[in-house]
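Enquirer: Counted the way the UniProt record's numbering counts, the sequence shown spans residues 1 to 276.
I am attaching a structure below and will ask some questions about it afterwards.
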Amino acid sequence: MSKGPGMFSDIGKKAKDLLTRDYTSDHKFSISTYSASGVALTSTALKKGGVHAADVATQYKYKNAVFDVKVDTDSTILTTVTFTEILPSTKAIVSFKVPDNSSGKLEVQYFHDHATVTAAAALKQNPLIDITATLGTPVISFGAEAGYDTSSKTFTKYNAGISVTKPDASASIILGDKGDSIKASYLHHLDESKRSAAVGEVYRKFSTNENTITVGGSYAIDPSTSVKAKFNSRGTLGALLQHEVLPKSLVTVSSEIDTRALDKHPRFGLSLALKP
1 MSKGPGMFSD
11 IGKKAKDLLT
21 RDYTSDHKFS
31 ISTYSASGVA
41 LTSTALKKGG
51 VHAADVATQY
61 KYKNAVFDVK
71 VDTDSTILTT
81 VTFTEILPST
91 KAIVSFKVPD
101 NSSGKLEVQY
111 FHDHATVTAA
121 AALKQNPLID
131 ITATLGTPVI
141 SFGAEAGYDT
151 SSKTFTKYNA
161 GISVTKPDAS
171 ASIILGDKGD
181 SIKASYLHHL
191 DESKRSAAVG
201 EVYRKFSTNE
211 NTITVGGSYA
221 IDPSTSVKAK
231 FNSRGTLGAL
241 LQHEVLPKSL
251 VTVSSEIDTR
261 ALDKHPRFGL
271 SLALKP
């Protein structure tokens, strides 16, 4: 694949990941194993509130195709097949759930040095169609996305964004919710390894005249331990500690508290991911 401007979903993704990734109030345990034939197997157990769930996922790579199959405790089977380079710089993704016969979806992604275009459609009679396009370079890119419901003949979404990425920083502005909101974010890396960073985000929703400011950051204590924290103008404070107990195996402890309601118990989350 070419090194172009990336997809529309990449606009603002670094800042979003720093503010949301690994923060959880659930308890999650997963273990992955890999066979000599290239089959990856991942078992996951999740406790969310008073609900317990589990799933088993397997992945197999064969030539230019990747097969992913996930089975959960609700007897739902999700199958995803990804074909790379079916045409030059083109990727196709087919997914469907069993027994949901209307869940089929086809997505095609085209990557160019100065443009990325994706199109996705549900495999049914009156599908939902999503299209994104991004123009530019790895440094600066402009993008837009639109969703169209062929059954009601209405647009379900249309958004636009711009992103500027440098080796030590990235900034983005996204006009979303059909023009009803705007989000601006800035992330700055504090070290060469990019494990320590500071981020700020401003979100405004025009219809409700609502503004939310969020600041956060991450800091690498040592090569295997890092901490993250975030705080927003609504008074929500979040923090997490992540430690690599073994290579690629992570334990994460996170917490979130509403500083405007200190009488409420904070929410705690624990995640353990073991990989060989």
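No residue lacks a Cβ here, since even glycine has one placed at the ideal position from N, Cα and C.
Since we're looking at a predicted model, the values are computed, not measured.
Among residues of its own chain, excluding the 5 on either side of L78, which ones have a beta-carbon nearer than 6 Å to its beta-carbon?
Expert: If we look at L78 and ignore the five residues flanking it on each side, its Cβ neighbours are K70, K97.
Enquirer: Specify whether the region 83-94 and the region 55-62 touch according to this definition: at least 3 beta carbon pairs, one from each stretch, less than 8 Å apart.
Expert: No, because fewer than three Cβ pairs between the region 83-94 and the region 55-62 fall closer than 8 Å, the two stretches do not touch.
Enquirer: Look at the alpha carbon of S233 and the alpha carbon of V215, and state the distance between them as a whole number of angstroms.
Expert: If I take the Cα positions, the gap works out to 9 Å.
Enquirer: Express the C-alpha separation of P88 and M1 in angstroms, rounding to a whole number.
Expert: Residue confidence for M1 is low, a pLDDT of 44 falling below 50, so the modelled location carries little weight; the figure read from the coordinates is stated next. If you take the alpha carbons of M1 and P88, they lie about 8 Å apart.
Enquirer: Ordered along the chain, which non-local residues of its own chain (more than five positions away) have a Cβ less than 6 Å from that of T80?
Expert: Contacts found: D68, S95.
Enquirer: Given a cut-off of 9 Å, decide if S226 and S196 are closer than it, judged by their beta-carbon atoms.
Expert: Yes. Within cutoff.
Enquirer: Please name the residue or residues paired with S271 in a DSSP beta bridge.
Expert: Paired residue(s): K28, T252.
Enquirer: On the premise that N159 lies in contact with A144, defined as a C-beta separation below 8 Å, what is that separation, rounded to the nearest angstrom?
Expert: That belief holds up - the Cβ atoms of A144 and N159 are roughly 7 Å apart, short of 8 Å.
Enquirer: In three-state DSSP terms, what is S207?
Expert: DSSP places S207 in coil when its eight states are reduced to three.
Enquirer: Could you give the residue range of the alpha helix (DSSP H) that holds V15?
Expert: The sequence shown places Ala at residue 15, rather than the Val named in the question. Taken as a continuous stretch (DSSP letters only), the alpha helix (DSSP H) holding A15 covers 13-20.
Enquirer: Throw me the rounded Cβ distance for the S30 and S9 pair, which I believe falls under 8 Å.
Expert: That belief does not hold up - the Cβ atoms of S30 and S9 are roughly 24 Å apart, past 8 Å.
Enquirer: By how many angstroms is the C-alpha of K13 removed from the C-alpha of Y23?
Expert: Approximately 15 Å between the Cα atoms of the pair.
Enquirer: What does the Cβ neighbour count give for Q109, buried or exposed, with the cut at 16 atoms within 10 Å?
Expert: With 16 or more Cβ atoms within 10 Å of its Cβ, Q109 is classed as buried.
Enquirer: Please give the ranges of any alpha helix (DSSP H) in the region 93-144, keeping only runs that are unbroken, at least 4 residues long and fully inside the region.
Expert: Correct list: empty.
Enquirer: Run through DSSP, which three-state label would G4 get?
Expert: If DSSP states are grouped into helix, strand and coil, G4 belongs with coil.
Enquirer: If I'm right that G6 touches T134 with Cβ under 8 Å, what's the distance once you round it to whole angstroms?
Expert: The pair is a contact, with the Cβ atoms about 6 Å apart (cut-off 8 Å).
Enquirer: Which of the three DSSP states, helix, strand or coil, is assigned to K47?
Expert: Correct three-state label for K47: strand.
Enquirer: Between S254 and A239, how many whole angstroms is the CB-CB distance? I'm expecting something under 8 Å.
Expert: Confirmed, about 7 Å.
Enquirer: Taking the DSSP output, what are the residues bridged to I182?
Expert: Per DSSP, L175, R204.
Enquirer: Keeping to the same chain, check which residues put their C-beta closer than 6 Å to that of R204; ignore five residues upstream and five downstream.
Expert: Only I182, N211 meet the Cβ criterion.
Enquirer: Roughly how many whole angstroms lie between the Cα atoms of A198 and D222?
Expert: Approximately 17 Å between the Cα atoms of the pair.
Enquirer: Bridge partners for G161 per DSSP, in chain order?
Expert: In the DSSP output, where bridge partners are listed per residue, G161 has G143, I174.
Enquirer: Measure from the alpha carbon of I140 to the alpha carbon of each residue in D113, A122, Y148, then state which is nearest.
Expert: Among D113, A122, Y148, the Cα nearest to that of I140 belongs to D113.
Enquirer: Roughly how many angstroms lie between the CA atoms of S75 and S102, to the nearest whole one?
Expert: Taking the straight line joining both Cα atoms gives about 16 Å.
Enquirer: Given a threshold of 16 other Cβ atoms within 10 Å of its Cβ, counted over all protein chains shown, does D100 qualify as buried or as exposed?
Expert: By the 10 Å Cβ count, D100 comes out exposed.
Enquirer: Got a sec, what are the start and stop residues for the beta strand (DSSP E) T73 sits in?
Expert: Premise fails: T73 is in no beta strand (DSSP E) and is neither H nor E.
Enquirer: Count the other C-beta atoms from every protein chain shown that fall within 10 angstroms of the C-beta of G179, then say buried if there are 16 or more, exposed otherwise.
Expert: That one is exposed.
Enquirer: I'd like the list of long-range same chain contacts for A119, defined as Cβ closer than 6 Å, with 5 residues on each side in sequence excluded.
Expert: For A119, where only same-chain residues beyond five positions count, the Cβ hits under 6 Å are V108, I131.
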